[in-house]
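Working notes for the structure below.
The following block contains the structure:
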């Protein structure tokens, strides 16, 4: 039983990462009705940017580790904003009205671009962050065996739950959330009621990219490395997780 409880506790952090990614994926899918194969690749790219910028500023600028990490997160956030603007305006918005195959082909191309950007930026090498907040904390004892998680695991799980809760509250209570819900249910009726589909889509992709950024930063800090090749793996898993949860509610998919 103790072994099972420890493994279940260890699975909480990956589940939190997948939850953030699935929530963001479902937000975009609900308003486009098109599969996005580049979602996992964006996660990997933002994680790599965080690590590469942190390592660069630590080695070149001689910043303290915490300052270098803040610099890396800020740079990754800037990239997430730029990418969300470009992709939503020039890929998702024009292709949302076309055949589903057009979106699949375009996001497949985006996935390849993101993966190659990560590979070229890292020179096909792995850079690692040092362990952070790795001291174990005892959750409970079973049969004289302690069930533990590290401080970074607990912090990351709490941050993921807080981000999911804030995003869900924002979708339920804000004007944007009402517009998103209307577009998800019936885009034509929403447009006839005065809701701007383009603006709603752009803001949806921005929120989705923000959740992807949080997941990427948490994975980079906890694992110490996010390889460019992980984008395809995460993308396929998120697609399957979201499909199993259904696309009607982001929280259910997450």
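Numbering (our numbering), first residue to last: 198 to 451. Idealized CB from N, CA, C, for every residue including glycine. Note that this is a predicted model, so its numbers are computed, not measured.
According to the DSSP secondary-structure assignment, residue 334 is paired through a beta bridge with 346. Exclusion of the five residues before and after residue 249 leaves 318, 319, 324 as the residues of its chain whose Cβ lies within less than 7 angstroms of its Cβ. Excluding its 5 nearest sequence neighbours in each direction, residue 402 has C-beta neighbours in its own chain below 7 angstroms: 225, 281, 284, 285, 289, listed in chain order. Going by DSSP, residue 263 is part of the alpha helix (DSSP H) stretching over 262–284. Excluding residues up to 5 positions away in sequence, 344 lie with their Cβ nearer than 6 angstroms to the Cβ of residue 203 in the same chain.
Distance from residue 216 to residue 357 at the Cβ level is roughly 6 angstroms; contact confirmed, criterion being Cβ atoms closer than 8 angstroms.
If you look at residue 326, you'll find it isn't in any alpha helix (DSSP H); DSSP assigns it neither H nor E. A residue is called buried once 16 or more other Cβ atoms fall within 10 Å of its Cβ, and residue 396, having fewer, is exposed. Contact between the region 237–246 and the region 381–391 is absent: fewer than three C-beta pairs spanning the two stretches fall below 8 angstroms.
Membership of residue 382 in the alpha helix (DSSP H) is indicated by the continuous run 372–382.
With fewer than 16 neighbouring CB atoms inside 10 Å of its own CB, residue 331 falls in the exposed class. Scanning its chain for C-beta atoms nearer than 8 angstroms, with the 5 sequence neighbours on each side dropped, one finds around residue 276 the residues 242, 243, 246, in chain order. Remark: fewer than three beta-carbon pairs, one from each stretch, lie closer than 8 angstroms, so the region 257–267 and the region 362–369 are not flagged as touching.
Sixteen is the threshold: when 16 or more other Cβ atoms of the shown chains lie within 10 Å of the Cβ of residue 427, as they do, the residue is buried. The region 410–422 and the region 299–317 do not touch, with fewer than three beta-carbon pairs separated by less than 8 angstroms.
Around the beta carbon of residue 251, a 10 Å sphere encloses 16 or more other beta carbons of the protein chains shown; the residue is thus reported as buried.
For residue 299, the enclosing alpha helix (DSSP H) has its first and last residue at 297–318. For the set 219, 392, 200, 206, the Cα lying nearest the Cα of residue 360 is the one of 219.
Residue 232 sits in coil when the DSSP states are folded into three classes, being neither helix nor strand. Taking the Cα positions, residue 304 is about 5 angstroms away from residue 234. In the DSSP assignment, residue 201 falls within the unbroken alpha helix (DSSP H) covering 199–207. When the Cα atoms are used, residue 430 and residue 213 turn out to be separated by approximately 16 angstroms. Rounded to whole angstroms, the Cβ separation of residue 308 and residue 432 is 7 angstroms, and the two are in contact under 8 angstroms.
Here residue 419 is buried. Its C-beta has 16 or more other C-beta atoms within 10 Å.
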